[in-house]
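Residue numbers (the numbering used here): 21 to 363. This report concerns only the one structure given below.
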């Protein structure tokens, strides 16, 4: 079984980290079964957030009664003030049915929070650590400059950042920089928001970075079973995987929507996080599911865009979101009309 030493935290985690965002989409009983399956399969690291609706509560229900020393919990807060952080931490502790959080992360940080900041966010995290409510302070980022500053600051024990085999060289270099700094590195979006569909290739890539702990977002037992199967039989790059790897690098290079959803909500109700990447979704998953009446109606909402640019201003990747929506709508209409084939 492959494990990861998470920086200087002392945490030794199974190479399969459990990303608990998707369990908000399934019922409680299904979530509990899935988490128990993960535990039985050797998974011992679970990552959630206050922003993931009832994910914390489901995770807490599944872990209740389990040996607290046998697993690690990481959760997150998007608090903008120290007072808000303290309140959210108490909520997380109740939801997760625990006395402490192993890694408490500042969620999608817009900056590198520091001691003495007027907002008091970092200082509140330090107080919570001193009180034993959290063991380690981490940060999650989608902005490269924030991630780099967090590493250089020496203030954080872990960094969570999007990390997949289609990431750029600067993003890939973060794992090495964290390792050199003794900082744990948590790789989120290893499937690039669902655009990468070959779990073998994704797990193989994660294994090329020994210090990275990938967090796989799963909501089905069949998905989890795939990742568990690689623990004792790690994938080996073969000709088929190499061909897919090279094809994906070519098709998904440059600007594309990762589906993170930080652009939401749209004042006109456009489901930006899927509509802005519908071209890839049509070609990388069964197209019928995206060509039904529901998604035709959702895509039609793009025509109501008022170009307020709220989405573009919030995109952590600096995308021209309105332009990307228009481009995807044109492609979608071509596919619907049969002018373009996605088969």
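Yeah, the Cβ is synthetic: ideal placement off N, Cα and C, and Gly gets one too.
Cβ contact annotation for residue 48 (same chain, cutoff 7 Å, sequence separation greater than five): 78, 81, in chain order. Nearest Cα to residue 325 within the set 336, 345, 315: 345. The three-state secondary structure of residue 144, taken from DSSP, is helix. Here residue 86 has 59 as same chain residues with Cβ atoms under 8 Å from its own Cβ, once five neighbours each way along the sequence are excluded. Contact annotation, residue 105 with residue 145: C-beta distance approximately 6 Å; criterion of less than 8 Å satisfied. Residue 137 carries a coil assignment under DSSP once its states are collapsed to helix, strand and coil. With respect to residue 319, residue 292 sits apart: the two C-beta atoms are not nearer than 8 Å. Secondary structure remark: continuous alpha helix (DSSP H) runs of at least 4 residues inside the region 310-337, in chain order: 313-320, 330-334. A direct Cα-to-Cα measurement between residue 112 and residue 354 gives close to 46 Å. For the 8 Å CB-CB criterion, residue 122 and residue 94 form a contact.
Residue environment: residue 55 is assigned as buried (16 or more neighbouring CB atoms within 10 Å of its CB, all protein chains considered). Within the same chain, 21, 34, 36, 248, 251 come within 8 Å of residue 62 by CB-CB distance, once the 5 residues on both sides are set aside. For residue 120, same chain residues with a beta-carbon under 7 Å away, outside a window of 5 residues either side, are 152, 153, 154, 155 in chain order. Taking C-beta atoms under 8 Å as the contact rule, residue 261 and residue 221 qualify, at a distance of about 5 Å.
In the DSSP secondary-structure assignment, residue 67 is bridged to 39, 94. Judged by DSSP secondary structure, residue 25 falls within the beta strand (DSSP E) whose first and last residues are 23-25. For residue 101, there is no enclosing alpha helix (DSSP H), as DSSP gives it neither H nor E. Beta-bridge pairing by DSSP links residue 156 to 123. Annotated three-state conformation of residue 217 is coil, per DSSP. Closest option to residue 185, judged by alpha-carbon separation, among 272, 26, 50: 272. Sixteen is the threshold: when 16 or more other Cβ atoms of the shown chains lie within 10 Å of the Cβ of residue 127, as they do, the residue is buried. A residue is called buried when at least 16 other Cβ atoms come within 10 angstroms of its Cβ; residue 359 does not meet this threshold and is exposed.
For residue 165, the enclosing alpha helix (DSSP H) covers residues 164-173.
CA-to-CA, the gap between residue 237 and residue 182 works out to about 12 Å.
Rounded to the nearest angstrom, the Cβ distance from residue 92 to residue 31 is 6 Å, consistent with a contact under 8 Å. Closest by C-alpha distance to residue 187, out of 133, 306, 268, is 268. Rounded to the nearest whole angstrom, the C-alpha separation of residue 173 and residue 167 is 10 Å.
Under the DSSP definition of a beta bridge, residue 236 partners with 38. In the DSSP annotation of this structure, residue 284 is not part of any beta strand (DSSP E), being labelled neither H nor E. Annotation for residue 342: the continuous alpha helix (DSSP H) segment containing it runs 341-356.
Here DSSP, grouped into helix, strand and coil, assigns residue 195 to helix.
If you draw a straight line from the Cα of residue 46 to the Cα of residue 76, it comes to about 13 Å. An exposed status is given to residue 256, since fewer than 16 other beta-carbon atoms sit within 10 Å of its beta-carbon.
Between residue 160 and residue 96, the CB-CB gap stays under 8 Å. As the crow flies, the alpha-carbon of residue 311 is around 13 Å from that of residue 304.
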